[in-house]
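>
Residue numbers (my numbering): 506 to 639.
This is the structure:
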């Protein structure tokens with residue numbers, strides 16, 4: 506798990522956004538983002554792009570945790586509650602997998618455990634191994 510965490514620290518946009526990868530295993534990942542001023546939109550709620558990025562990193566980690574490169578080919582998100590303070594957590598769970606494609610659902614929740622967003626994504630699974638450092 507540590508080598509995957511190190512690998513995903515190279516995701517510059519997620520790192521710049523303050524997103525932390527908490528857990529990762531094949532088909533599963535959990536990320537966290539402490540809400541800061543930089544995440545808020547003009548309505549003082551977390552900007553949709555910040556929530557998408559949080560969910561997308563969990564999606565990427567879960568999908569790539571098998572050791573081969575998996576690249577997103579489709580993603581959508583539904584925002585069901587505004588996030589305004591505290592911490593948001595994204596939990597990705599793979600829902601289907603075959604040699605070329607996999608799908609994943611990511612639930613984003615707030616500190617109270619309330620659902621903030623539902624992200625669904627599909628990856629193309631390459632035969633190229635990830636370059637993980639030991």
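A virtual CB, placed ideally from N, CA and C, is assigned to each residue, including glycine.
So, for residue 549: in the same chain, excluding its five sequence neighbours on each side, which residues have a beta-carbon less than 8 Å away from its beta-carbon?
Closer than 8 Å at Cβ, skipping near neighbours: 589.
> Judging by CA-CA distance, which residue of 543, 521, 559, 547 is the nearest neighbour of residue 624?
Cα-wise, what sits closest to residue 624 is 559.
> For the beta strand (DSSP E) containing residue 601, name the first residue and the last one.
Its beta strand (DSSP E) spans residues 592–602.
> Could you tell me whether the Cβ atoms of residue 626 and residue 577 are closer together than 8 Å?
Against a cut-off of 8 Å, the Cβ pair of residue 577 and residue 626 comes out as a contact.
> Compare the beta carbon distance of residue 619 and residue 586 with 8 Å and say whether it is the shorter of the two.
Cβ distance < 8 Å, so residue 619 and residue 586 count as in contact.
> By DSSP, does residue 625 sit in helix, in strand, or in coil?
Strand.
> Give me the residue from 523, 566, 532, 539 with the minimum Cα distance to residue 615.
Of 523, 566, 532, 539, the residue nearest in Cα terms is 539.
> Name the one or two DSSP bridge partners that residue 584 has.
Per DSSP, 622.
> Could you check what DSSP says for residue 612 in three-state terms: helix, strand or coil?
Three-state result, residue 612: strand.
> Using the three-state DSSP reduction, which class does residue 632 fall into: helix, strand or coil?
It is a strand residue.
> Suppose the cutoff is 6 Å on Cβ atoms and the five residues either side in sequence are ignored; what does the same chain contact list for residue 575 look like?
Once the five neighbours on either side are set aside, the close Cβ partners of residue 575 are 568, 569, 628, 630.
> Tell me which same chain residues have a C-beta within less than 6 Å of the C-beta of residue 527, skipping the five on either side of it?
Only 535, 537 meet the Cβ criterion.
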